[in-house]
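Participant: Would you mind keeping the following structure in view while I ask a few things?
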Amino acid sequence: SSSSFHIALLIDSLCYMPDSQAVQQAIANALDLLDTGGLLVASMIPETLEAMQSCNTLIGRDVIISMGGLLGYNILNFTEMSHWGIGNQTGRYSFVLKKTGQRITNDTVPVE
């Protein structure tokens, strides 16, 4: 693909994906648009059943952590959204990922 962006936003959208495979594909697609070193910001990520509300998919931090090598990113931060003062966000978080340009394959060989 032709990457040309420095930042991509997935604001209040990942939780509406039908399952974790679709979440991974959405993150991969956003990363493909970024230059190496580019940032991906996502918010309203539910990690508890209580936080699901109208969401379709529970996305634990472990899911985001486990995909880093496969999709080629480092996690810069996770932020609790309950402190944002924008309604009931208890059990939800946001994250910022930085594209590394290095993906780890099944052979554990980095690929560009």
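Take any residue in the sequence shown, note its place counting from 1, add 230, and you have its number in our numbering.
Positions of the beta carbon are idealized from the N, C-alpha and C atoms, including for glycine.
Hey, is residue 270's beta-carbon within less than 8 Å of any beta-carbon in chain B?
Facilitator: This model lacks chain B altogether; it includes just one protein chain.
Participant: Are at least three pairs of beta-carbons, each pair with one atom in the region 326-333 and one in the region 310-317, less than 8 Å apart?
Facilitator: With a cut-off of 8 Å, the region 310-317 and the region 326-333 do not count as touching, because too few Cβ pairs lie within range.
Participant: For residue 286 and residue 252, I'd like the C-alpha separation in whole angstroms.
Facilitator: Their backbone Cα atoms lie some 11 Å apart in a straight line.
Participant: Determine the direct distance from the alpha carbon of residue 288 to that of residue 344, and round the result to whole angstroms.
Facilitator: One cannot answer for residue 344 here, as it falls past the ends of the chain, which runs 231 to 342.
Participant: For residue 291, count neighbouring Cβ atoms within 10 angstroms of its own Cβ and tell me buried if that reaches 16, exposed if not.
Facilitator: Exposed, because fewer than 16 other Cβ atoms sit within 10 Å of the Cβ of residue 291.
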